[in-house]
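Protein sequences appear in the order of chains Y and C. Quick note, the first sequence lines up with residues 7 to 452 if you use our numbering. Quick note, the second sequence lines up with residues 480 to 803 if you use our numbering. Glycine included, every Cβ here is placed at the ideal spot set by N, Cα and C. Below you'll find the structure, written out as structure tokens, and then a few comments.
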Amino acid sequence: MPLSGIEIYKLLPQTNCKDCGFPTCLAFSMKLAAKQVELSTCPHVSDESKAKLASAAEPPIRLVTLKSNGYEVKAGNETVLFRHEKTFYHKPGLFIRVRDNEPLEDIKSRVRAIDVYSVDYVGMTLTLEGIAVESATGDPAAFSAAVRAVREATRRPLILISFDPAVMAAGLQAIDGETALVHGATTANWEAMAGLAKQHQAVLSVQADSLDGLAELTAKLKEAGVQDLVLSPVTGSLSTSLNLSTQIRRLALKKNFRPLGYPIMTFPGDLKDPDQEMIMAAQSIAKYAGFVVLDHFLPETAYPLLVLRENVFTDPQKPIQVQPGLYEINNPTPASPVLVTTNFSITYFSVANEVESSGLPAWLVVTDAEGMSVLTAWAAGKFDAERIAKAVKEFGVADKVSQKRVVIPGHVATLSGELEEELPNWEVRVGPREAVDLPAFMKQAL
Amino acid sequence: MPVEIPKDTWAGQVRTITLGATAAEGGTRSHTVTIGGQKSLPFMHFEHEAPYPPLVALEIKDRRPDDWSALLLERWGDVVNAPGDWAKAAEAAGAELIVLALSLTDANGEPTRPEAAVAATKAVLASTGLPLIVWGPGQAEADNELLVPVAEATKGERIAIGLCEDKNYRTLVATAMANNHLVIARSPMDVNLAKQLNILISDMGLPLDRILMDPTTGALGYGIEYGYSVMERLRLAALQGDGMTQLPMIVTPGYEAWKTKESKVGAGMPDAWGSWEERAITWETITAMTLIESGADIVVLRHPESVRRVQTAIKDLNSVREMA
Ligand code: B12
Ligand code: SF4
């Protein structure tokens, strides 16, 4: 948390020697607080003060980055408790867990499916981030073989899970040169794990069943020179997970409590019930996790979780929009119909995807509705006859079509009269309310 | 290292509201249900134990719906043809409240008659002991025409009627006052509009402990983030002491989730969407749970399996454990 001018002043020599070019230390500290000068401009700051100032400049939740060949997953650097206060920045990485007691071929085929899984949501391609490999056998060789098998099937970042340093060493050896997430350090093994994390530039997850335990361990690890840490409170229930995650986030942001100023990792699979696992994963996405390790991978549950993550992490200040304009779908000809919609990206893609997958050609007029849905824009006066007419003229639709006919969304049927006035010589047709029904409507009525 | 857990202390508290009335209280319900009373953000047990957990309601219709997903119709089977049977099946599925949603038209496409709406309501009351909510078709005139006789015919039951919106609340509030019912105040995703409507309604003389607010929500993928944030802001305002936001919140994740393409359409979808039924249920469940964690006191659902999953999760969330 950045220090105020007064707090910085207390750390300066307070001699008013003017060597910095400012009349007083206070004046200098105000400039420093406003980030208008560099600390090095004052030649007299003590080393102790320098360290304090540097640590105050660090973000309250440390940013950690996992890296593999070609991929990166970041977590941390969040600044608010509620998304409406500003925005949430780093989407939690979703990882699927495999265990080294499964046959290697099974591991590979599962991992390949996870690796290539991608789903389209409003023009974005959403994917899972990586794989968590757990040692179930306790055997270093088996673990190493499983890690290698996973690495053959995906290049995505990995989380390695074992509390036995010898096993972990074997796993890390198999992916040397990457930045993996190691889970993890406990009171029993932290020194050895710290050594491994340093040796392999890994991010280290810290596990304890209380915040006291977590804070104690992170302090020790920091002292031992491991900076990139992740907190894994042991939970096993939705209520504890929500409470602990909230407490950690509050302590980091409101109290600037350094020992808990790290991203959180959760293990929804520990609930041992696939339905509740998805519910806990959703909770973790909205409530503060940086990494989420799932035990089950199914497209039908991955898709909603990925969508939730997009929703929660959009900037609440500005809706995701598409460029207003005339969009061509399926190579329209002059005889193809003209459809009108808004430039809110969910709205645009609902319509565009529907028409596109039907194979029917169409011209889609995307009006500038300031990124609002059909009804929201209509209620806010941003999607009215005047604006639609303006868009139709501006985009030169009349020059492209042989039949002057526009289709408006069923939800704004009331606009048709006014629109006919605004667009003389055009026929206005009211389409269905939902985009799903558009193809049938186009086939029948147009 | 002992960590001192910061606890938020709030000046405000959510109002406690009871739906339904037993015979002793002038109704016919087997029991009543109560929500609200929170003094902290959802499930922050280490600050205050919330007296009442969120409730799960199931939505049923007065006749076989025309526009529901085939998955829902298939799951409910024949009961959708008789509101009494449907209510009984909903109770068996674990519903803690029934929402009877009246249709705009009857099976022949004629406007629903008030007598039919009353009959459907009575059939529901006769077949289940659960407290009831009745929604009109969502058009001002039809709502008034159907809900007034329903309210009169069920005097004293403390059902909640709705939806009261800024352009149409007077008639519904007046009949709720006259017949000892509650109302649901719906506003379009805005803290100030929600407050304003609550003020208008209470200015008519309806006590605040007979108003539930519905801040409107969107489905996962279709605007849930707006609903989520408005509910968080409303709950924060309530805890900070703003009296006109201290009403329990009811939202409709079932209605929203089941109108999405993900839930409605089975065939021809991308492989990445996976199996239809599980996707649809997860859509509804995640929409509901996300809203519950942002402050919902009643979620209205449509699929029995979602009810089961959401109730399991609420039970977990409501369990008080030793915290750190
Ligand atoms: C999210 C939301 C918001 C968000 C804005 C999101 C955004 N970027 O647009 C916020 C919170 C900011 C908001 C604000 C308001 N909102 Co608003 N909002 C919603 C909500 C919940 C979802 C809208 C949505 O995203 N739908 C999803 C998109 C994809 O739907 P769509 O654009 O309609 O597209 C579908 C169809 O129309 C069709 N379609 C689209 N284009 C075309 C084209 C053709 C040719 C065809 C055939 C079909 C078609 O296909 C799509 C998929 O089926 C709805 C209620 C609800 N649950 O639906 C209220 C709602 C739209 N809002 C409403 C209102 C009144 C408002 C406000 C005026 C209230 C206020 N606070 O002052 C403001 C206006 C904004 C302003 N003044 O700045 C009302 C509108 C009432 C009405 N019937 O007129 C609604 C219906 C809520 C309600 N029941 O009262 N809102
Ligand atoms: S150079 Fe340093 S000590 Fe001197 S006035 Fe500036 S801030 Fe103060």
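- In this structure C/Val778 is not in contact with C/Pro727, their Cβ atoms being roughly 12 Å apart against a cut-off of 8 Å.
- Within the segment 88-104 of chain Y, the residues whose Cβ lies closer than 7 Å to some Cβ of chain C are Phe88, Arg89, His90, listed in chain order.
- In this structure, C/Gly505 and C/Gly635 form a Cβ contact; the two beta carbons are roughly 4 Å apart against a cut-off of 8 Å.
- Membership of C/Ala767 in the alpha helix (DSSP H) is indicated by the continuous run 755-771.
- With a contact defined as Cβ atoms closer than 8 Å, C/Leu651 and C/Ile640 qualify at about 6 Å.
- Taking C-alpha positions only, Y/Ala208 is separated from C/Ile678 by approximately 57 Å.
- If you check the C-beta of Y/Leu18 against the ligand SF4, you find a heavy atom less than 6 Å away.
- Cβ neighbours of Y/Tyr123 within its own chain (closer than 7 Å, five residues either side excluded): Thr133, Leu134, Pro305, Ala308.
- The alpha helix (DSSP H) runs lying completely inside the segment 676-722 of chain C and spanning 4 residues or more are 703-718, given in chain order.
- By the CB criterion at 7 Å, Y/Pro330 and Y/Asp390 fall outside the cutoff.
- Rounded to whole angstroms, the gap between the alpha carbons of C/Ile484 and Y/Ala221 is 12 Å.
- Beta-bridge partners assigned by DSSP to Y/Ile167: Y/Glu140, Y/His189.
- C/Ala549 and C/Lys738 have their C-alpha atoms some 11 Å from each other.
- Residue-level contact by beta carbon holds for C/Trp762 and chain Y, with a gap shorter than 7 Å.
- Close to chain C, meaning a Cβ-Cβ distance shorter than 7 Å, are the following residues of the segment 273-300 of chain Y: Asp281, Gln282, Met284, Ile285, Ala288, Gln289, Ala292, Lys293.
- For C/Val799, there is no enclosing alpha helix (DSSP H), as DSSP gives it neither H nor E.
- For C/Thr497, same chain residues with a beta-carbon under 6 Å away, outside a window of 5 residues either side, are Thr511, Thr513 in chain order.
- Exclusion of Y/Lys37 from the 6 Å shell around the ligand SF4 follows from its C-beta lying no nearer than that to any non-hydrogen atom of the ligand.
- Take the alpha-carbon of Y/Ser216 and the one of Y/Lys24: they are about 50 Å apart.
- Between the beta-carbon of C/Pro628 and that of C/Ala596 there is about 7 Å, and that keeps the pair under the 8 Å contact cut.
- With respect to chain C, the C-beta atom of Y/Gln253 has a partner C-beta closer than 7 Å.
- The three-state reading of DSSP puts C/Ala580 in strand, counting E and B together.
- Distance from the CA atom of Y/Leu202 to the CA atom of C/Pro694, rounded to whole angstroms, is 51 Å.
- Contact between Y/Ala287 and Y/Leu311 is confirmed by a C-beta separation of about 6 Å, below the 8 Å threshold.
- Contacts between Y/Asp218 and chain C, judged by CB atoms closer than 9 Å, involve Met480, Pro481, Val482, Ala803 in chain order.
- Between the C-alpha atoms of Y/Tyr15 and Y/Glu64 there is a straight-line separation of about 18 Å.
- Annotated as distal: Y/Leu110 and Y/Ala176, with beta-carbon spacing of 7 Å or more.
- Listed along chain Y, the residues sitting closer than 7 Å to C/Thr769 by beta-carbon distance are Ala288, Ala292, Leu314.
- Residue state for C/Thr607 is assigned as coil, using DSSP reduced to three classes.
- As summarised for the segment 355-405 of chain Y, the continuous alpha helix (DSSP H) elements at least 4 residues long and confined to that stretch are 380-385, 391-400, given in chain order.
- Here the segment 791-799 of chain C makes no contact with the segment 740-753 of chain C; the two share fewer than three CB pairs at distances below 8 Å.
- Here the alpha carbons of Y/Pro269 and Y/Ala295 stand approximately 7 Å from one another.
- In the DSSP assignment, C/Cys643 is bridged to C/Ala664.
- Scanning its chain for C-beta atoms nearer than 8 Å, with the 5 sequence neighbours on each side dropped, one finds around Y/Met130 the residues Glu316, in chain order.
- Judged by DSSP in its simplified three-state form, C/Ile514 adopts strand.
- Going by C-alpha positions, C/Leu583 is about 31 Å away from Y/Asn359.
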